[in-house]
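Chains as they are written, first to last, in our numbering: chain P, 1 to 114; chain L, 1001 to 1207. Step one of this worksheet: look at the structure below.
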């Protein structure tokens, strides 16, 4: 099992959702779900969103487990091709606490602009 | 050497299936409000992995499911996944092999590695597993309760077996069973027998 496969299987098992049942909820076959859990295939970005919604988990967390970047985040990077990578390079050594401070400042900034 | 399967009466199978379902649902902390969750029972109660395959090596093409006790795997022919009734019945049938036949399978010398569910050949162990599967998926008390709700009130106008089965499925919420499986169940519970006195009277006077 791949790490994503294990992650998906764990979520599904914890929530007592059948393999076919989950497949039907996200418009794929149970075989596809089974293949992802065995590491034979990976989900598309669109499927990650559906899986995250069906299993009530954060899309970013699931995207991370599948080595994907959420389409919305990708759009932000592509719309700011220099600024965002520069910002991330500068911020790469920040501690968790510093990220939290930064997030609060960002939230306040977003609130002010609304 | 082929395995000699001990005889089990239908009544014993019904009791085993009923007890097994109650234990499984209790373990899963699930209530039986509608259909019996056979996927969850196979995976999360018995610990089997469901493996979707396009065929099983060394077995005929008509094989639609199988159980591998050594690897704790239930094999499901991917062609039946779109048909909820056949899919659920196949899993229930493989669960039946686990409950009824696993110990005997290991006790007696065997060369087969996998027990498979086919369509054409129906040896005794397959018939036993079919009976267990129907009893697991269609609890007698629920079928009888809903049969009494939907049966024809006019004994001179009995309902066609398929129409009756459809009504029982809709009324009971047992949506993961096929109409033909419910027809068999109704007959085994003597609720829609071809030889019922009402049907005989109807045929005598109106056919």
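Where a beta carbon is used, it is the ideal one built from N, C-alpha and C, also for glycine.
* Proximity test, Cβ basis, 9 Å: residue 34 of chain P and chain L -> Cβ-Cβ to chain L under 9 Å: yes for residue 34 of chain P.
* Would you list, in chain order, the members of the region 1078-1109 of chain L that have their beta-carbon closer than 7 Å to a beta-carbon of chain P? => Result list: 1078, 1081, 1087.
* Asked: Which residue or residues does DSSP assign as beta-bridge partners of residue 1052 of chain L?
  -> When DSSP reads this structure, residue 1052 of chain L sits in a beta bridge with L/1076.
* To do: Output the distance between the C-alpha atoms of residue 70 of chain P and residue 11 of chain P, rounded to the nearest integer angstrom.
  => Going from the Cα of residue 70 of chain P to the Cα of residue 11 of chain P covers about 19 Å.
* To do: Using a Cβ-Cβ cut-off of less than 7 Å, give me the residues of the region 2-21 of chain P that come near chain L, in sequence order.
  => Of all residues in the region 2-21 of chain P, 13, 16, 18, 19, 20, 21 have a Cβ within less than 7 Å of some Cβ in chain L.
* **Length of the line joining the Cα atoms of residue 1011 of chain L and residue 1031 of chain L** => If I take the Cα positions, the gap works out to 24 Å.
* To do: Mind listing the chain L neighbours of residue 30 of chain P? Cutoff is C-beta to C-beta under 7 Å, in chain order.
  => Against chain L, the beta carbon of residue 30 of chain P has neighbours under 7 Å at 1052, 1081, listed in chain order.
* Asked: Using a Cβ-Cβ cut-off of 8 Å (strictly less than) and excluding sequence neighbours within five positions of residue 1128 of chain L, which residues of its own chain qualify?
  -> Contacts found: 1005, 1008, 1013, 1096, 1100, 1101.
* Asked: Could one say the Cβ of residue 1072 of chain L lies closer than 9 Å to chain P's Cβ atoms, at least one of them?
  -> At least 9 Å separates the CB of residue 1072 of chain L from every CB of chain P.
* **Residues from the region 1006-1034 of chain L in contact with chain P, defined by Cβ distance under 9 Å** => Per Cβ criterion, the list reads 1028, 1029, 1030.
* Per DSSP, the bridge partner or partners of residue 30 of chain P -> Checking the DSSP bridge columns, you'll see residue 30 of chain P has no partner listed.
* To do: Can you grab the Cα-Cα spacing for the pair residue 1160 of chain L / residue 6 of chain P, in whole Å?
  => Answer to the nearest angstrom: the Cα atoms are 49 Å apart.
* Asked: The beta strand (DSSP E) with residue 1068 of chain L in it runs from where to where?
  -> Segment 1065-1068, the beta strand (DSSP E) holding residue 1068 of chain L.
* Asked: With residue 36 of chain P and residue 52 of chain P assumed to form a contact (beta carbons below 8 Å), what rounded beta-carbon distance in angstroms separates them?
  -> 13 Å between Cβ atoms; not a contact.
* Beta carbon of residue 1021 of chain L nearer than 9 Å to that of residue 1186 of chain L -> Contact: no.
* To do: Check distances from the C-beta atoms of the region 1118-1139 of chain L to those of chain P and list, in chain order, the residues that come in under 9 Å.
  => The region 1118-1139 of chain L vs chain P, Cβ under 9 Å: nothing.
* Close Cβ partners of residue 34 of chain P (< 6 Å) along its chain, the five nearest in sequence each way excluded -> 19.
* Have a look at the DSSP bridge pairing and note the partners of residue 1115 of chain L. => Per DSSP, the beta-bridge partners of residue 1115 of chain L are L/1067.
* Asked: Going by C-alpha distance, which of L/1027, L/1091, L/1192 is nearest residue 1045 of chain L?
  -> With distances taken between Cα atoms, residue 1045 of chain L lies closest to L/1027.
* Asked: What residues of chain P sit near residue 1044 of chain L, judged by a beta carbon separation below 7 Å?
  -> Those are 13, 16, listed as they occur along chain P.
* 6 Å Cβ shell around residue 1133 of chain L - same chain, five flanking residues per side excluded -> Counting only Cβ-Cβ distances below 6 Å, and skipping sequence neighbours, we find 1089, 1092, 1093, 1096.
* Assigned exposure category for residue 86 of chain P - 16 Cβ within 10 Å defines buried -> By the neighbour-count criterion, in which 16 or more other beta carbons inside 10 Å mark a residue as buried, residue 86 of chain P falls on the exposed side.
* Asked: Can you tell which of L/1042, L/1105, L/1191 has the C-alpha that lies nearest to the C-alpha of residue 1142 of chain L?
  -> Nearest in C-alpha terms to residue 1142 of chain L, of all of L/1042, L/1105, L/1191, is L/1191.
* Asked: Taking buried to mean at least 16 other C-beta atoms within 10 Å of its own C-beta, is residue 1130 of chain L buried or exposed?
  -> It counts as buried.
* Can at least three beta-carbon pairs, one atom from the region 1171-1188 of chain L and one from the region 1144-1153 of chain L, be found at a separation below 8 Å? -> Flag = yes, the region 1171-1188 of chain L and the region 1144-1153 of chain L touch.
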